[in-house]
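Below you'll find the structure, written out as structure tokens, and then a few comments.
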Amino acid sequence: MSRELEKRLISIRRHLHQYPELSNEEFETTKSIQTWLEEEGIEIRHTGLKTGVFADIKGGRPGPTVAIRADIDGLPIEERTGLPFASKVKGVMHACGHDFHTAAVIGAAYLLKEYQSELCGTVRLLFQPAEELGGGAVHVIKDGQIDDVAAVIGLHNKPNLPVGTIGIKDGPLMAAVDRFHVVLQGKGSHAAIPQNGKDPIAAAAQLITALQTIVSRNVSPLESAVVSVTRITGGNTWNVIPGDVILEGTIRTFSRIREEVKEKFYSIVNHIAAAFSQEAEIGWFPGPPALLNHPAVTEMARLSARQQSLHVINPEPSMGGEDFAYYLQHIPGTFAFFGTNGNEDWHHPAFTVDEKAIIKAAHFLYESAKDLLYNHGKW
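Residue 1 is where the sequence shown starts when you use UniProt numbering, and the numbers rise one by one after that.
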């Protein structure tokens, strides 16, 4: 069955890859997933969300409910892989491997359904929309899909790990995400008479440099943080100093320093603006918290991976964000990095995965969910 299942999952992944949909627009993806589950007699759960699929596989014996989660949305990126099954949707691509995740969870669902009578409890399937916007998990939680769930597991492909390797660790794995938008409001003037204006470009240059001291001089070298200014907009011609400049970017942190970094950011922006006689308007947009894996559930997943002869490593934490972290604020769970031997990292237009990893990921999720059910009380 494993070879037949592998072929089917690769076919599913390729279909998803050809027809990616952006966050909260995953209508056809939702229909496809629901069809693939219903074909195997898997029970679909009611949802008030417009996209996403939720389903239950109820075992033959009583026990808790554990969840397996996949994200289903694509990214606004024009694909440049040259694959025969490349995206057919202009400007949209599965550049983060959510098609891989979805196929793997469907594979786990098929395996669980085959051995349904042996399960001691229920496995909840969460095919979550809008991970890339950083808030899809929040809507799933509000929809009541984890109200009775005792634990949750998930994974993310990792291009720099070989197929057959899995990164599992307890505690912090991925960072908290915050986005900022700053407008420095000065006063425009002719470039030849700068004394008549209040130059926001000069202020922005100083601000970008000063913001780097948040990490280099305010965060302990034993902590992790990143401050990145990723967009700057100002001016429209060569001989006029503009009236304002816009800066945008992101801050990534772990655990307790998140609020300290935010406070320092506000202080630096406001004081630099004042020093240059500017007005500063700060927009702050908090994203997912740091992803903190539960020790006992993580150990169960580690044991499951070893029993399947996967090469288990202790991965380096990633400064990338992941809204799976919201689930872990409510219930214990774990999130793993699964090796896919990719050629480029996440969000690159030439991003690919090695499809030999799909069946391995499906078996890992299947065995991990089953082990969590059988060992309820130990986590």
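Yeah, the Cβ is synthetic: ideal placement off N, Cα and C, and Gly gets one too. Fair warning: this is a prediction, and the values are worked out from it, not measured in the lab.
> Nearest CA to the CA of E344: which residue from G59, N24, P162?
Replying inline: The residue given as residue 344 occupies position 344 in the sequence shown. Considering only alpha carbons, the answer is P162.
>> Counting beta carbon pairs with one atom in the stretch 151-171 and one in the stretch 317-336, are three or more of them shorter than 8 Å?
In response: In short, these stretches touch, since the Cβ pair count reaches three.
> What distance in whole Å lies between the Cβ atoms of I10 and F165, which are believed to be in contact at a cut-off of 8 Å?
Replying inline: Taking the sequence shown and counting its residues from 1, the one referred to as residue 165 is at position 165. Taking the sequence shown and counting its residues from 1, the one referred to as residue 10 is at position 10. The identity of residue 165 in the sequence shown is Thr, whereas the question assumes Phe. Going by Cβ atoms, the distance from T165 to I10 rounds to 20 Å, so no, they are not a contact pair.
> How is V92 classed by DSSP in three states: helix, strand or coil?
Replying inline: Translated into positions along the sequence shown, residue 92 becomes position 92. V92 falls in the coil class under three-state DSSP.
>> Can you look up G107 in the DSSP assignment and give me helix, strand or coil?
In response: Here the question's residue 107 lines up with position 107 in the sequence shown. G107 falls in the helix class under three-state DSSP.
> Just how far apart, CA to CA, sit F254 and A191?
Replying inline: Taking the sequence shown and counting its residues from 1, one reaches residue 254 at position 254. Taking the sequence shown and counting its residues from 1, one reaches residue 191 at position 191. In a straight line, the C-alpha of F254 is about 43 Å away from that of A191.
>> Give me, in chain order, the residues of the same chain whose beta-carbon lies closer than 7 Å to that of G63; leave out the 5 immediate sequence neighbours on both sides.
In response: Along the sequence shown, one-based indexing puts residue 63 at 63. Same-chain partners within the cutoff: C120, G121, L373, H376.
> Where does the unbroken beta strand (DSSP E) through Q128 begin, and where does it stop?
Replying inline: The sequence position of residue 128 within the sequence shown is 128, counting from 1. Start and end: 120-128.
> Which residues bound the alpha helix (DSSP H) around E4?
Replying inline: Residue 4 sits at position 4 when you count from the first residue of the sequence shown. Element bounds for E4: 2-18.
> Taking the alpha-carbon positions, what's the R252 to F127 distance?
Replying inline: The residue you call residue 252 lines up with position 252 of the sequence shown. The residue you call residue 127 lines up with position 127 of the sequence shown. Rounded to the nearest angstrom, the two C-alpha atoms are 26 Å apart.
> Can you tell which of N270, P200, E223 has its C-alpha closest to the C-alpha of P242?
Replying inline: The count along the sequence shown starts at 1 and reaches residue 242 at position 242. Residue P200 is the option with its Cα nearest to P242.
>> Looking only at its chain, what residues have a beta carbon closer than 6 Å to the beta carbon of H181, apart from the 5 residues adjacent to it on each side?
In response: Indexing the sequence shown from 1 puts residue 181 at position 181. Taken in chain order, the residues that qualify are E248, G283.
> To the nearest whole angstrom, what separates the beta carbons of P317 and L173, a pair I think is in contact under 8 Å?
Replying inline: Residue 317 sits at position 317 when you count from the first residue of the sequence shown. Residue 173 sits at position 173 when you count from the first residue of the sequence shown. Confirmed, Cβ separation roughly 6 Å.
> Using the C-alpha atoms, what's the distance from I44 back to D147?
Replying inline: Here residue 147 refers to the residue found at position 147 of the sequence shown. Here residue 44 refers to the residue found at position 44 of the sequence shown. If I take the Cα positions, the gap works out to 16 Å.
>> As an exercise, report each continuous alpha helix (DSSP H) stretch of at least 4 residues that is fully enclosed by the stretch 272-337, in chain order.
In response: 295-307, 324-328
> Grouping DSSP H, G and I as helix and E and B as strand, with all else coil, what is P172?
Replying inline: Indexing the sequence shown from 1 puts residue 172 at position 172. Strand.
> In the DSSP assignment, what are the bridge partners of V229?
Replying inline: In the sequence shown, counting from the first residue as 1, residue 229 sits at position 229. Paired residue(s): G249.
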